[in-house]
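To start, the structure itself, in structure tokens.
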Amino acid sequence: MPTSLIPALDPAPLPGPPWLFHVLWVLTFFIHLLFVNTVLGGTLLAAFAGAAGAGRREIRTLFVGVNSWAISLAITFGIAPLLFVQVVLGRFFYTAAILVGWAWFGMLILLTIGYYLNYVAKFRLRGGKDAGAIVALEAVCFVAIAAIQVTVNLLHLQPGRWEQVADRAWVALGDPPSCRVSSTSSWRPSRWPGHSPPSSRCAGPPGEAIRRRCEGWRASE
Ligand code: HEM
Numbered sequence: 019m020p021t022s023l024i025p026a027l028d029p030a031p032l033p034g035p036p037w038l039f040h041v042l043w044v045l046t047f048f049i050h051l052l053f054v055n056t057v058l059g060g061t062l063l064a065a066f067a068g069a070a071g072a073g074r075r076e077i078r079t080l081f082v083g084v085n086s087w088a089i090s091l092a093i094t095f096g097i098a099p100l101l102f103v104q105v106v107l108g109r110f111f112y113t114a115a116i117l118v119g120w121a122w123f124g125m126l127i128l129l130t131i132g133y134y135l136n137y138v139a140k141f142r143l144r145g146g147k148d149a150g151a152i153v154a155l156e157a158v159c160f161v162a163i164a165a166i167q168v169t170v171n172l173l174h175l176q177p178g179r180w181e182q183v184a185d186r187a188w189v190a191l192g193d194p195p196s197c198r199v200s201s202t203s204s205w206r207p208s209r210w211p212g213h214s215p216p217s218s219r220c221a222g223p224p225g226e227a228i229r230r231r232c233e234g235w236r237a238s239e
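When we follow this note's numbering, the leftmost residue of the sequence shown carries the number 19, and every step to the right adds one.
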């Protein structure tokens, strides 16, 4: 394992008991996923509604309308687990995010584009115009965001892959058999809706990372 890529433990103590951060992390991540599933599923359904005959305009209008609040809530409830993952596994998460920095940064751009496309679609539908291509593009943005999230969230739990990814960032998209600790640790579209709460990370590399962090706390006490 390239230990040199794992940053030193932050000497600042945690501002509360570790279990509290874990509980809040799982809880807020769960809420994030409820809205992520609403946004991802709704946008894809709105995009594929084009294949339906009668009623497709109503389907699109419904899901584009739902998106106008669900996207905001997905973002808001994404920030909370982002803060907790930084508290609990910060040095692993930062390194992974930096290793695929352009993709991580690109997520913000995709999010902004997807968000505004939803408003364009909403106003076009309200004006009686078609919005099929716009909704399809919006769906591509959200699916890409989900793929980036899965990539980063797998990578920060697999320090053994960092060295390779540091050389070639696209390797992060790979799914080597050695990394398939469980069905929740593999990089594949079935994972994109986010059925992988942090609580499932109690075995294999995730548990290892958490254990290491806890040992670090104990050592620093
Ligand atoms: C609508 C846009 C978004 C989509 C489609 C989305 C999708 C996802 C998915 C699929 C996961 C699961 C990744 C995995 O564990 O394999 C995830 C996790 C996560 N997302 Fe989002 N996300 C979105 C927006 C955001 C935003 C804006 C933030 C931050 C401000 C955010 C923060 C997080 C965090 C921190 C996790 C990991 C939580 C954890 O495992 O502890 N997400 N997201």
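Note that beta-carbon positions come from the ideal geometry of N, C-alpha and C, so glycine has one too.
Endpoints, alpha helix (DSSP H) assigned at residue i
| i | result |
| --- | --- |
| Gln104 | Arg74 to Leu117 |
| Asp185 | Trp180 to Asp185 |
| Leu175 | Here Leu175 belongs to no alpha helix (DSSP H), and DSSP marks it neither H nor E. |
| Leu52 | Pro36 to Phe66 |
Reference residue i; option with closest CA among the options
| i | options | result |
| --- | --- | --- |
| Pro36 | Ala151, Val118 and Gln104 | Gln104 |
| Tyr133 | Ile152, Phe81 and Ile89 | Ile89 |
| Leu12 | Ile166, Gln167 and Phe95 | An answer regarding residue 12 cannot be provided, because it is not within the stretch 19 to 239 covered by the chain. |
| Ala154 | Ile163, Ala164, Asn136 and Asn171 | Asn136 |
| Gly83 | Phe141, Val158 and Gln176 | Phe141 |
| Ile49 | Leu191, Gly150 and Leu100 | Leu100 |
| Phe111 | Gly150, Thr169, Ala30 and Pro33 | Thr169 |
| Glu76 | Val189, Gly192, Pro31 and Gly150 | Gly150 |
| Phe160 | Ser22, Leu23 and Ile127 | Ile127 |
Residue j beta carbon less than 9 Å from that of residue i
| i | j | result |
| --- | --- | --- |
| Asp28 | Arg109 | yes |
| His174 | Ala115 | yes |
| Ile152 | Leu129 | no |
| Phe81 | Thr113 | no |
| Arg78 | Ala121 | no |
| Ala92 | Thr56 | yes |
| Ala67 | Gly73 | yes |
| Val106 | Phe47 | no |
| Val118 | Ala187 | yes |
| Gln182 | Met125 | no |
Cβ neighbour criterion (16 or more within 10 Å) applied to residue i
| i | result |
| --- | --- |
| Lys147 | exposed |
| Phe102 | buried |
| Arg144 | exposed |
| Ser200 | Note on Ser200: pLDDT 46, under 50, position unreliable in the model; the coordinate value appears next. Result: exposed. |
| Trp180 | buried |
| Phe123 | exposed |
| Pro177 | buried |
| Val157 | The residue you asked about is not Val; residue 157 is Ala in the sequence shown. So Ala157 ends up on the buried side. |
| Leu172 | buried |
| Pro195 | Only weak support is given to the placement of Pro195: the predicted model assigns it a pLDDT of 47, under 50, and the value that follows is read from those uncertain coordinates. So Pro195 counts as exposed. |
| Pro30 | Checking the displayed sequence, the identity of residue 30 turns out to be Ala instead of Pro. Classification for Ala30: exposed. |
| Ser214 | Below a pLDDT of 50, predicted positions are generally treated as unreliable, and Ser214, at 49, falls in that range; the measurement from the model is reported next regardless. Result: buried. |
heavy atom of ligand 1 below 8 Å from residue i C-beta
| i | result |
| --- | --- |
| Trp43 | yes |
| Phe81 | no |
| Gln167 | yes |
| Leu58 | yes |
| Leu52 | no |
| Gly153 | The sequence shown places Val at residue 153, not Gly. It does not: the Cβ of Val153 is nowhere closer than 8 Å to a heavy atom of ligand 1. |
| Leu173 | no |
| Gly96 | yes |
| Gly178 | no |
| Ala92 | yes |
| Phe110 | no |
| Phe47 | yes |
| Ile127 | no |
| Phe123 | no |
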